[in-house]
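What follows is a set of notes on a single structure, which appears directly below.
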Amino acid sequence: MAARPCYKEKAEAIIKAYMEADEQADWTCSECGEVNEGQFALCWNCGASSPTE
1 MAARPCYKEK AEAIIKAYME ADEQADWTCS ECGEVNEGQF ALCWNCGASS PTE
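Under the UniProt record's numbering, residues 1 to 53 are what the sequence shown spells out, in order.
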């Protein structure tokens, strides 16, 4: 079932805003130098916290 054409533009804007807000920059661990994806709070290599934690 497709969205009504009158709601298409608003729905696309909501989805775009959600996707952009969810993106987080990759970060480099200050303990071991490993590059981690932004969604991770801990370094996958050594377990150190991200700089934002």
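The beta carbon of each residue, even a glycine, is placed where N, CA and C say it ideally should be. No experiment lies behind these values; they were computed from the predicted model shown.
Nonlocal neighbours in the same chain, by C-beta distance under 8 Å from Gln39, ignoring five residues either side
Gln24
Whole-angstrom distance between Glu12 and Gly33, CA atom to CA atom
38 Å
Classification of Cys6 by the beta-carbon crowding that lies within 10 angstroms, buried from 16 upward
exposed
With distances taken Cα to Cα, identify the nearest neighbour of Trp44 among Val35, Ala17 and Glu20.
Val35
Assign Cys29 to one of two classes, buried (16 or more other C-beta atoms within 10 Å of its C-beta) or exposed (fewer than that).
buried
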